[in-house]
Amino acid sequence: MTEEQRQQAIRRIRAKREFRVHLAVYLAVNALLVVIWAMTSTTYFWPVWPMLGWGIGVVAHAANVYFGSSEISGAQIDRELHGRFGS
5 MTEEQRQQAI RRIRAKREFR VHLAVYLAVN ALLVVIWAMT STTYFWPVWP MLGWGIGVVA
65 HAANVYFGSS EISGAQIDRE LHGRFGS
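If you read the sequence shown in this note's numbering, its first letter stands for residue 5, the second for the next number, and so on.
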């Protein structure tokens, strides 16, 4: 295993940890919102809106961590260095 491979593995581990923290905070905050809703009024389930909005972010974060490419290719580096249109 090269040092670069080791560093990439460490970055992937950190990304997964950060996602798990994000998910735990999402669940805790939304559970609290449901408790507040249940204690104040059980007519209109308003916590659905923050759940949906933030949930989109959680799903995007998960997709990036577990399905996104964490490897940086030479072509990506070239595009970044030289601009998208070769400028």
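Cβ atoms here follow ideal geometry from the backbone N, Cα and C, with glycine treated the same way.
Which residues bound the alpha helix (DSSP H) around residue 23?
From DSSP, the alpha helix (DSSP H) with residue 23 extends over 7-44.
Could you check where the alpha helix (DSSP H) with residue 57 kicks off and where it finishes?
52-70
Considering only residues of the same chain and omitting the five flanking positions on each side of residue 79, which have a CB-CB separation below 7 angstroms?
There are no such residues.
Beta-carbon proximity check, residue 20 vs residue 69, cutoff 9 angstroms:
yes
Quick check: the Cα distance between residue 84 and residue 40, rounded to an integer number of angstroms?
47 angstroms
With C-beta atoms as the reference, is residue 27 less than 9 angstroms away from residue 67?
no
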